[in-house]
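Trainee: So that we are looking at the same thing, I have put the structure below in structure tokens.
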């Protein structure tokens, strides 16, 4: 165990540890890598050993398209659709890690259409389901959830930034530039050409782009971290 008193900052430079402190950090980091310690958080993962990649799956962001493409081109998915698992960091140090994200408002609209309007995925009672046909009502219900809790929050509503190991992701693609970004993934893992369009995208820019101020404000509040981390604008028309 480390001596806690080793961790001090330098006189006159509060941003850097002393040489002894930096050496201890390096020692601990090396020991951690050799031990194959697990990731501190759990993720939804697909892993291919033959093509050496780890895919952090983010629900409602082209997951069916990506999986279908790999499956159709004989890309073995040794860990296929694992849910909420931790993984040994050192074991995958030389694998490509990637994920895809999308505008939080579009993703929320897509989840509402798919899981509420088209299916009663959340098993609302009939009277509640009727109210949820109004997207603002569904947004108010969602706002009562802890969207950073995994497990604990449905994967279709969880913060995208919580579904990705942001400290270890090599390539972060966007649904808005899917063809280009997924082509790069395929090139780097040695898979065939990219498909032409995501299968589970509601429509370019979402089906309900003329949204109410209330909905825009609710989504901006719920997904503030996603907007900040991924650089989307909650005020985009």
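Residue numbers (my numbering): 8 to 244. By construction, the Cβ of each residue, glycine as well, lies at the ideal position given by its N, Cα and C atoms.
1. Once the 5 residues before and after residue 165 are set aside, which same chain residues still bring their CB inside 7 Å of it?
2. Would you please state the rounded distance, in angstroms, between the beta carbons of residue 5 and residue 186? I believe it to be under 8 Å.
3. Have a look at residue 135 and residue 161 and give me their C-alpha separation to the nearest angstrom.
4. What ranges does the alpha helix (DSSP H) occupy inside the region 9-59, keeping only unbroken runs of at least 4 residues that lie completely in it?
5. Rounded to a whole number of angstroms, what is the C-alpha to C-alpha distance between residue 137 and residue 126?
6. Should residue 17 go down as buried or exposed, given a rule of 16 or more other Cβ atoms within 10 Å for buried?
7. Helix or strand or just coil, what does DSSP make of residue 92?
8. Using 10 angstroms around the beta-carbon of residue 48, count the other beta-carbons present and answer buried if the total reaches 16, otherwise exposed.
9. I need the boundaries of the alpha helix (DSSP H) containing residue 236, first residue and last residue.
10. Less than 7 Å between C-beta atoms, sequence neighbours within five positions excluded: which residues of the same chain meet that for residue 211?
11. Would you give the residue range spanned by the beta strand (DSSP E) that residue 106 belongs to?
12. Could you tell me the boundaries of the alpha helix (DSSP H) in which residue 182 lies?
13. Taking residue 55 as the reference, which of 197, 232, 130 has the closest Cα?
14. My output table needs one value for residue 87: the three-state DSSP class, helix, strand or coil.
15. When we look at the beta-carbon of residue 51 and count the other beta-carbons within 10 Å, is it buried (16 or more) or exposed?
16. Pick out whichever of 111, 84, 179, 131 has its Cα sitting closest to the Cα of residue 222.
17. Just reading off the alpha helix (DSSP H) that residue 111 is part of, what are its end residues?
18. Quick one: using the 10 Å Cβ neighbour count with 16 as the cut-off for buried, is residue 119 buried or exposed?
19. Quick one: Cα of residue 247 to Cα of residue 132, how far?
20. What are the boundary residues of the alpha helix (DSSP H) that includes residue 79?
21. Given that a residue counts as buried once 16 or more other Cβ atoms are within 10 Å of its Cβ, and exposed if not, what is residue 76?
22. Taking C-alpha atoms, which residue in 103, 107, 102, 142 lies nearest to residue 117?
23. Classify residue 201 as helix, strand or coil using the three-state DSSP reduction.
24. Taking the beta carbon of residue 180 as the centre, do at least 16 other beta carbons fall within 10 Å, making it buried, or is it exposed?
Mentor: Taking the geometry as given:
1. 154, 157
2. Outside the shown range of the chain, which is 8 to 244, sits residue 5, and nothing can be said about it.
3. 18 Å
4. 26-42
5. 12 Å
6. Per the 10 Å Cβ criterion, exposed.
7. strand
8. exposed
9. Unbroken alpha helix (DSSP H) run through residue 236: 231-237.
10. With a pLDDT of 41 at residue 211, under the threshold of 50, the predicted position of this residue should be treated as unreliable, and no value is reported.
11. 103-108
12. No alpha helix (DSSP H) contains residue 182, which DSSP labels as neither H nor E.
13. 197
14. strand
15. buried
16. 111
17. 111-119
18. buried
19. Examination of residue 247 is not possible in this model, given that the chain is present from 8 through 244 alone.
20. 70-79
21. buried
22. 142
23. coil
24. buried
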